[in-house]
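Trainee: If you read the protein sequences in the order shown, they are chains H and E. Per UniProt numbering, the first sequence starts with residue 1, numbered consecutively. Per UniProt numbering, the second sequence starts with residue 1, numbered consecutively. Shown below is the structure under consideration.
Number of protein chains: 2
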Amino acid sequence: MPSRKPAEDRKAEIVGALLRLADRIGPDRLTTNDIAREIGITQAAIFRHFPTKAELWLAVAEVVAQRLEAAWLQALAEAATPQDRLRALIAAQLLQIETCPALPAILHSRELNAENAALRDRFRGLLLRFQGHLADTIDDMAAAGAIGSAVRSPDAAVLLTSLVQGVAIRWSLGSRGFALQTEGLRLFEVQLGLLAGKVGAG
Amino acid sequence: MPSRKPAEDRKAEIVGALLRLADRIGPDRLTTNDIAREIGITQAAIFRHFPTKAELWLAVAEVVAQRLEAAWLQALAEAATPQDRLRALIAAQLLQIETCPALPAILHSRELNAENAALRDRFRGLLLRFQGHLADTIDDMAAAGAIGSAVRSPDAAVLLTSLVQGVAIRWSLGSRGFALQTEGLRLFEVQLGLLAGKVGAG
DNA sequence: CTTGTAAGTGAGTGAATACTAACTTACGCT
DNA sequence: AGCGTAAGTTAGTATTCACTCACTTACAAG
């Protein structure tokens, strides 16, 4: 009786519903029934599109990876100076988390950390690639003299990644009582000031 | 047939088992059966000591809170200079996470974030108190001239808390392939150098 | 209009879930 | 020694979980 959709569309719909519900219900508590109810099909229909729940999670990882990488590339392409690129990378990441608040919880889920090794590797690779972009951009800044060299760029990249994750935790624990991107970028400027302040001092 | 224990001891044993298993199995997937099997009693016996699972979680929060606060107070008491106190606070927190690796996952669990509001408030209060200690210590450093005042102490505290959380995430995603406390303290020295480098520059 | 395919259904599976009730027995106290 | 208490058990409950299977039917191509 219900309207049918081509498999591609339905798969995307299922993945989208999972990401939406993972925030409300939690990645490890989310059931196939929750997803089915959300999009108005039966639970059994989920398994026509994904053989197991673990494979559904891998499809989710694929979608997330594509979204994040696209956001990073756009940030890198649109900003002119290395400093603007760095800010744009951080802003993009904050926006992605704000748009898809389940992301931090998925990083800590046991679906990822204990039961689905392929999923963990996918996300770890993503995080490493983000830090790589950050480190490269920081190297560009150092080459342009916009920043000191007292801190090695991979360390600076880790500090900035941590900043994003830390503000995301506060955001989530505090029931999202502030604007994630605004507060994150404010702290980014503070940290950038610290990094830039080291010019010629190391 | 099995050896009996006074309720106090058994409660502590249950809480300890939960914390151990929450790391391996995940906070949201951990069942009362898992706990019972771990300590060699039947699942029903759990409910002689805790009326519901949610109350068991609250007892866990209480134990964690006491451990963390004791570690902080000891760090504050044992270190002489404000700078040493700051380092000791960070070291203590890193050690607590290394000793009880379930802590970050619990922070992101849905037991905490969605289903057990009392649990969330308990942990949020803990985190705020940690940042308070950090900020106070940073103020002491500023008063002693050991640090610049370009960065407001609450912001610096957030940056340091984020550092701990960020390195903890990398540690866990990377299958704990490095020593958390060592790497965390190394990054702390980097960040401290940045903060201290601003002396007189603000 | 017919027809093949694939999207979706309905009804089920066994295993787990948190939690309960009625019982048994180990242990401390006198 | 014996007795009361409380820590533990066995055997359940209703519900939910991921997943299966036989089936129906919407839709697009010829």
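Glycine included, C-beta positions come from ideal geometry on N, C-alpha and C.
(1) Check for me: the alpha helix (DSSP H) holding residue 127 of chain H runs from which residue to which?
(2) Under 8 Å Cβ to Cβ from residue 58 of chain H, same chain only, skipping five residues before and after it: list those, please.
(3) Rounded to whole angstroms, what's the CA-CA distance from residue 94 of chain H to residue 71 of chain E? Just pull it up for me.
(4) Please classify residue 195 of chain E as buried or exposed, where buried requires at least 16 other C-beta atoms within 10 Å of its C-beta.
(5) At a CB-CB cut-off below 8 Å, which residues of chain H make contact with residue 120 of chain E?
(6) Unbroken alpha helix (DSSP H) runs of length 4 or more, entirely within the stretch 39-123 of chain H: which are they?
(7) Considering Cα atoms alone, identify which of E:38, E:85, E:113 and E:16 is closest to residue 28 of chain E.
(8) Might you give, ordered along the chain, the residues of its own chain that have their beta carbon closer than 8 Å to the beta carbon of residue 4 of chain H, omitting 5 neighbours on each side?
(9) Within 10 angstroms of the Cβ of residue 179 of chain E, are there 16 or more other Cβ atoms? Answer buried if so, exposed if not.
(10) I'd like the span of the alpha helix (DSSP H) that includes residue 192 of chain H, first residue to last.
(11) Are the CB atoms of residue 164 of chain H and residue 190 of chain E nearer to each other than 7 Å?
(12) So residue 86 of chain E and residue 134 of chain E are in contact, right, with Cβ under 8 Å, and what is the actual spacing, rounded?
(13) Strictly below 7 Å CB to CB, what residues from chain H border residue 161 of chain E?
(14) Could you tell me the alpha carbon to alpha carbon distance between residue 125 of chain E and residue 147 of chain H, rounded to whole angstroms?
(15) Which residues in chain E sit within 8 Å of residue 60 of chain H, going by Cβ to Cβ distance?
(16) Sorted by chain position, which residues of the same chain lie with C-beta nearer than 8 Å to residue 192 of chain H's C-beta, five sequence neighbours on each side aside?
(17) Indicate the three-state DSSP secondary structure (helix, strand or coil) for residue 11 of chain E in the structure shown.
(18) Answer with buried or exposed for residue 201 of chain E, where buried requires no fewer than 16 other C-beta atoms within 10 angstroms of its C-beta.
(19) Helix, strand or coil for residue 158 of chain E, going by three-state DSSP, please let me know.
(20) Leaving aside the five residues before and after residue 13 of chain E along the sequence, list all residues of the same chain whose C-beta is less than 8 Å from its C-beta, in chain order.
(21) Can you list, in chain order, the residues of its chain with a C-beta nearer than 6 Å to that of residue 198 of chain H? Leave out the 5 residues immediately preceding and following it.
(22) Check the Cβ of residue 191 of chain E against every Cβ in chain H and list those closer than 7 Å, keeping chain order.
Mentor: By the coordinates alone:
(1) Position 127 of the first sequence holds residue 127 of chain H. From DSSP, the alpha helix (DSSP H) with residue 127 of chain H extends over 117-143.
(2) As a first step, residue 58 of chain H is located in the first sequence; it is residue number 58 there, counting from the start. These residues qualify, in order along the chain: 116, 118, 119 and 122.
(3) Residue 94 of chain H sits at position 94 when you count from the first residue of the first sequence. Residue 71 of chain E sits at position 71 when you count from the first residue of the second sequence. Residue 94 of chain H and residue 71 of chain E: Cα-Cα distance of roughly 32 Å.
(4) Taking the second sequence and counting its residues from 1, one reaches residue 195 of chain E at position 195. It counts as buried.
(5) Taking the second sequence and counting its residues from 1, the one referred to as residue 120 of chain E is at position 120. Ordered by position in chain H, the residues that pass the 8 Å Cβ test against residue 120 of chain E are 173.
(6) 43-49, 53-78, 82-99 and 102-108
(7) Here residue 28 of chain E refers to the residue found at position 28 when the second sequence is read from its first residue. Per the Cα distances, E:113.
(8) Residue mapping note: residue 4 of chain H aligns to position 4 of the first sequence, counting from 1. Here the set comprises nothing.
(9) Your numbering for residue 179 of chain E matches position 179 in the second sequence. Result: exposed.
(10) Counted from its first residue, the first sequence places residue 192 of chain H at position 192. Unbroken alpha helix (DSSP H) run through residue 192 of chain H: 180-197.
(11) Position 164 of the first sequence holds residue 164 of chain H. Position 190 of the second sequence holds residue 190 of chain E. It is not a contact, given that the beta carbons lie outside the stated cut-off.
(12) Walking along the second sequence from the start, residue 86 of chain E turns up at place 86. Walking along the second sequence from the start, residue 134 of chain E turns up at place 134. Correct: roughly 7 Å between the Cβ atoms.
(13) For the purposes of this step, residue 161 of chain E is identified with residue 161 of the second sequence, where counting begins at 1. Correct list: 166.
(14) In the second sequence, counting from the first residue as 1, residue 125 of chain E sits at position 125. In the first sequence, counting from the first residue as 1, residue 147 of chain H sits at position 147. Cα to Cα, residue 125 of chain E sits roughly 37 Å from residue 147 of chain H.
(15) Within the first sequence, the letter at position 60 stands for residue 60 of chain H. By Cβ distance, chain E contributes nothing, its closest Cβ being about 17 Å from residue 60 of chain H, past 8 Å.
(16) Along the first sequence, read from residue 1 onward, the residue named residue 192 of chain H stands at position 192. For residue 192 of chain H, where only same-chain residues beyond five positions count, the Cβ hits under 8 Å are 83, 86 and 87.
(17) Numbered from 1 along the second sequence, position 11 holds the residue referred to as residue 11 of chain E. Helix at residue 11 of chain E.
(18) Taking the first residue of the second sequence as 1, we reach residue 201 of chain E at position 201. Bear in mind that the predicted position of residue 201 of chain E carries a pLDDT of just 36, short of 50, making it too unreliable to give a figure here.
(19) Here residue 158 of chain E refers to the residue found at position 158 of the second sequence. Three-state result, residue 158 of chain E: helix.
(20) As a first step, residue 13 of chain E must be located in the second sequence, where it is residue number 13. So the list reads 5 and 39, once near-sequence residues are dropped.
(21) By one-based count along the first sequence, residue 198 of chain H stands at place 198. Its pLDDT being 49, under 50, residue 198 of chain H is placed unreliably by the model, and the measurement read from it follows with that caveat. 148 and 150.
(22) In the second sequence, the residue the question calls residue 191 of chain E occupies position 191. Those within 7 Å of residue 191 of chain E in chain H are 159.
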